[in-house]
Every structure is written in C-alpha cells, then in structure tokens.
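So the structure is just underneath, and the comments pick up after that.
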Amino acid sequence: MIKLNHLAKYRLVLTVRSPVFIGSGLEVTKKEYYFDRRGKQVHILNLEKFIRLIVDKGLLDAYENFILRGAYNVYLDGFFRDHNVSRTEIEAVTDYKINSADALTPEHSLKGIKLFMRDSSRQPYIPGSSLKGALRTAILVKMLLDDNGQRERNAGSFLSAIRGLQTGSRNYAKQATEQAEENYINTLGLNRIRPADAVNSIMRGISVSDSLPVRDKDAMILCGKRDLSVSGLVKPLNVVRECLKPGVKVFFDLSLDSSIPSGIDLNYIKEAVRAFGTYYAGNFDRRFKKPADAVAENYRDALILGGGAGFFSKTFVYELLGKTEGLKFVSNYMKGQFPRHKHEKDLETGISPHRLKYTVYRNQSWHFGICGVEIF
728 MIKLNHLAKY
738 RLVLTVRSPV
748 FIGSGLEVTK
758 KEYYFDRRGK
768 QVHILNLEKF
778 IRLIVDKGLL
788 DAYENFILRG
798 AYNVYLDGFF
808 RDHNVSRTEI
818 EAVTDYKINS
828 ADALTPEHSL
838 KGIKLFMRDS
848 SRQPYIPGSS
858 LKGALRTAIL
868 VKMLLDDNGQ
878 RERNAGSFLS
888 AIRGLQTGSR
898 NYAKQATEQA
908 EENYINTLGL
918 NRIRPADAVN
928 SIMRGISVSD
938 SLPVRDKDAM
948 ILCGKRDLSV
958 SGLVKPLNVV
968 RECLKPGVKV
978 FFDLSLDSSI
988 PSGIDLNYIK
998 EAVRAFGTYY
1008 AGNFDRRFKK
1018 PADAVAENYR
1028 DALILGGGAG
1038 FFSKTFVYEL
1048 LGKTEGLKFV
1058 SNYMKGQFPR
1068 HKHEKDLETG
1078 ISPHRLKYTV
1088 YRNQSWHFGI
1098 CGVEIF
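According to the numbering used here, the stretch in the sequence shown is residues 728 to 1103, in order.
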C-alpha cells in the first residue's frame, strides 16, 4: 500500500481460476486466420502485412475468389497450401498465436473466433472498467445483504416501477434498477436535482487502473461455449472465444479516496468480494447439476468477470427481491427477452435463467470467469 494524504493505493491481483473472456468487439472468421492443425495453434494475422504478401505474390484475384467461395469447409490453410505460401511467409505476417486447446480440432470444422481485449502492442489486458463493474456488483450485493431496514421498501419501489411495462422491451426494469442502485450507490447528495448523476456516486472514491499487459505468450487459449442446464445437460454452441487460461495472474492498481464519504475502505471491499462469492455459490451455482468432468469451482474471495459469465454474476435482483419474488421477476424478464427459450417453466425449475455458461479445457468442464482476488 502507498498512502498519500487522502489517497491510498493498493495492488490488486486477479488469479484466473476458470477461463476469462473480455471481448474487444472484434471477431475473425474461419477464412481470416490460419490454423496450424499439427501444432494446435491459431495464427492471428496482421491484415496489412497479409494483404501486402498476397499482392507481392500476385494472389489478389485468387484470394478474392477464395473469400467469395461459399463452401463450408474452405479455410485459409487450404488457400496457403494451394498457392505455395510457405511457413516462413505465414510466420512473417502473424501478429500472435493462440493455443487452440479444446475449442478447435483437426477433425472438425472451424469456427469464427471472438477476440480478447488487447493494447496497441497486441498484448492482452483487462480494462479497469471491467474490474470496477464487478466490484460495484459485489458492493451492491453486500449492501443488500446487510440491509435489514431499507431493502423491503426498495424492493416495493422496484416492483411498482415495472408494473404495466412490456417485458420484451429493452427498457423493461431499467429505470427501476437504476432507482434501486441510486438508493444504495448514489448517496452523496451533491446533485439533488438529478440523483442519477455520477457526481452522487460513492463509487467515485474507488479508482481501478487498466491491468498491466499479460506478457506470458502462453496465457491465452481458445474456449468454446456450452450451456449447462439445471439437470446437468450440456448443449455446445457455435461460439469460440479467446480467453485467459486458469492460473494466469493479472495485476491492477486500486486507489481509494478517503475524502469521499462513501464508507467503503479496503476491509469493506474485501468483505464485499467474500460475500459475493459465498452468495453466488450458495444461491446459484449449487442449483445446477454439474457434468461428470466438471472442475470443482472455488468461489472463496472471488469475482466473476467478463463475457459468458452469465446473468447471475452481473445483477442484484435476487438479493433485492428475495428468492420468491426474484424468481418471478427474472422468469418474466427472460421470457419477454427470449420468448423461444421456455423461461415460463423456470418457476417450476426454481431458478431463472435456467442455464449456466460453461466451456471445456483440458478435457474438463469449467464455469466461465471465476477470478480469485487479492489486495495488498
């Protein structure tokens, strides 16, 4: 820790316990990367260098025809082979490589890949906003679990605000959710005319840096996506993501400003992280029957981070409304948003949504996004 007047600066370390995906919004199709089937590595190409290579070798027309071909199993490795592009030339236009792990196999067709967040040097990192969002959820969960006086009133306000709204609307419950957050988070009272103004948020006293770049060239793997049902059935989905693999450590700076009267200090944050992991494990995770090959998840002092982590890890509806009313609300909400997914049956099942997001790595099933948290 470094102390400077009202600022205290800490090092926060995330230890990846299960594959983590922080999406950049970029995706490469199965015709835009080279899959080394023997080495089980995917080459993500530098587009500028790749096009220059194609032009220098006089293959521009051939490449255009390749792109336009609609055949299902036509891939870049076949194009390279057909036009005598050497391994040395492929390496020269490669930005970086990823271990294909269990997501791509030589005997199956390839898929598009959703790419991880990377800096200008093509090093993966986690934005501070992603971690701060997870901390915010944990803090809200702790506030709700600790609140014996206001929660019932706030829950009533939440339910009143959504009456008459269409569950299929994008704005369904948005206003009510924001109001509930304001009651716990936007409490500084600096802008009384607009309570939702960020200037009122106690989260202003918490600053989280972007992580240091993850420089380990073996830190990344490809992970497929699977839906796990309450009964333990697994449904593979046609999605592949670039993920941090279990065991990787990611480093951040966490700063707390004691001049902002938030009541949140280092101990409070640690307790919030602990409360979140315990609540998640006891109220959501245990409701699902795990595959026989599932890794035993460790939720002690943990946050759940990133894409694919699922609805439970990013909301506080159950903590606010309680199990019964929370189940009714979420079931109606999911039914409105995803009418074909049979969420009307969630009341019978006893949990909504009725899917957890899993992946396979080293022939074992893993929950997405679990990260251990240390702060010192």
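Idealized CB from N, CA, C, for every residue including glycine.
If you're wondering where the values come from, they're calculated on a predicted model, not measured in any experiment.
Problem - Which listed residue (907, 772 and 927) has its alpha carbon closest to that of residue 989 - result: Counted from its first residue, the sequence shown places residue 989 at position 262. It is 927 whose Cα lies nearest to the Cα of residue 989.
Exercise for the section: Inspect the beta-carbon positions of residue 859 and residue 935 and report whether they are closer than 8 Å. Expected result: What you label residue 859 is simply residue 132 of the sequence shown in a count that begins at 1. What you label residue 935 is simply residue 208 of the sequence shown in a count that begins at 1. Yes, the pair counts as a contact, with Cβ atoms nearer than the cut-off.
Problem - Sequence-distant residues of the same chain with beta carbon closer than 8 Å to residue 1017, five excluded per side - result: Position 290 of the sequence shown holds residue 1017. Correct list, in chain order: 955, 959 and 1092.
Practice task
On a CA-only basis, which of 730, 742 and 974 is nearest residue 1028? Give me that one, please.
Solution key: Within the sequence shown, numbered from 1, the residue matching residue 1028 stands at position 301. The residue with the shortest Cα to Cα distance from residue 1028 is 742.
Practice task
From the DSSP output, in three-state form, read off residue 796 for me.
Solution key: Working through the sequence shown from its first residue, we reach residue 796 at position 69. Annotated three-state conformation of residue 796 is coil, per DSSP.
Problem - Cutoff 8 Å; reference residue 802; Cβ partners in own chain excluding five residues on either side - result: By 1-based counting over the sequence shown, the position of residue 802 is 75. Hits under 8 Å: 757, 758, 762 and 837.
Practice task
Examine the Cβ distances between the segment 825-842 and the segment 1081-1089 and report whether three or more of them are shorter than 8 Å.
Solution key: The segment 825-842 is in contact with the segment 1081-1089.
Practice task
Tell me whether residue 815 is buried or exposed, calling it buried when 16 or more other Cβ atoms sit within 10 Å of its Cβ.
Solution key: Position 88 of the sequence shown, counted from the start, is the residue given in the question as residue 815. Residue 815 should be labelled exposed.
Exercise for the section: Compute the distance between the beta-carbons of residue 1096 and residue 1033, then report whether it is under 8 Å. Expected result: The residue you call residue 1096 lines up with position 369 of the sequence shown. The residue you call residue 1033 lines up with position 306 of the sequence shown. Result yes, Cβ atoms of residue 1096 and residue 1033 sit closer than 8 Å.
Problem - Reference residue 778; option with closest CA among 791, 893 and 1004 - result: Reading the sequence shown from its first residue, position 51 is the one you call residue 778. Closest by alpha carbon: 791.
Practice task
Could you name the residues of the same chain whose beta carbon sits closer than 7 Å to that of residue 807, not counting the 5 residues immediately before and after it, in chain order?
Solution key: Counted from its first residue, the sequence shown places residue 807 at position 80. If we look at residue 807 and ignore the five residues flanking it on each side, its Cβ neighbours are 761 and 817.
Practice task
Would you tell me roughly how many angstroms separate the C-alpha atoms of residue 1099 and residue 853, rounded to the nearest one?
Solution key: Residue 1099 sits at position 372 when you count from the first residue of the sequence shown. Residue 853 sits at position 126 when you count from the first residue of the sequence shown. Looking at the two C-alpha atoms, the distance is approximately 15 Å.
Practice task
Check whether the segment 868-887 touches the segment 903-911, taking contact to mean three or more Cβ pairs, one atom from each stretch, closer than 8 Å.
Solution key: yes
Problem - Nearest to residue 785 (by Cα), restricted to the options 797, 811 and 767 - result: Here residue 785 corresponds to residue number 58 of the sequence shown, with the count starting at 1. Among 797, 811 and 767, the Cα nearest to that of residue 785 belongs to 811.
Practice task
Please go through the same chain and pick out, in chain order, the residues whose beta-carbon is closer than 7 Å to the beta-carbon of residue 770, but skip the five residues on each side of it.
Solution key: For the purposes of this step, residue 770 is taken as residue 43 along the sequence shown, with counting starting at 1. So the list reads 760, 761, 763, 817, 821 and 824, once near-sequence residues are dropped.
Handout entry: Inter-residue spacing [alpha-carbon to alpha-carbon] between residue 840 and residue 980
Key = Taking the first residue of the sequence shown as 1, we reach residue 840 at position 113. Taking the first residue of the sequence shown as 1, we reach residue 980 at position 253. Computed Cα separation, rounded: 30 Å.
Handout entry: Coarse secondary structure for residue 885, derived from DSSP in three states
Key = The residue you call residue 885 lines up with position 158 of the sequence shown. Three-state DSSP puts residue 885 in a helix.
Exercise for the section: Evaluate the contact criterion for the segment 915-930 versus the segment 967-979: three or more CB pairs, one atom per stretch, below 8 Å. Expected result: Put simply, the segment 915-930 does not touch the segment 967-979. Fewer than three CB pairs are less than 8 Å apart.
Handout entry: Assumed close pair residue 948, residue 844 - CB separation to whole angstroms, cut-off 8 Å
Key = Stepping through the sequence shown from its first residue, residue 948 is reached at position 221. Stepping through the sequence shown from its first residue, residue 844 is reached at position 117. About 15 Å; that fails the 8 Å criterion.
Practice task
Count the other CB atoms, across all protein chains shown, that sit within 10 Å of the CB of residue 864; report buried if there are 16 or more and exposed otherwise.
Solution key: Indexing the sequence shown from 1 puts residue 864 at position 137. Result: buried.
Problem - Spatial distance of residue 886 from residue 1074 (CA atoms) - result: To locate residue 886, count along the sequence shown from 1; it is residue 159. To locate residue 1074, count along the sequence shown from 1; it is residue 347. As the crow flies, the alpha-carbon of residue 886 is around 18 Å from that of residue 1074.
Practice task
Please report the residue range of the alpha helix (DSSP H) in which residue 1057 lies.
Solution key: Counting from one through the sequence shown, the residue named residue 1057 turns up at place 330. Looking at the DSSP string, the run of the alpha helix (DSSP H) that includes residue 1057 is 1044-1064.
Handout entry: Where the alpha helix (DSSP H) through residue 844 begins and ends
Key = In the sequence shown, the residue the question calls residue 844 occupies position 117. Taken as a continuous stretch (DSSP letters only), residue 844 belongs to no alpha helix (DSSP H), as it is neither H nor E.
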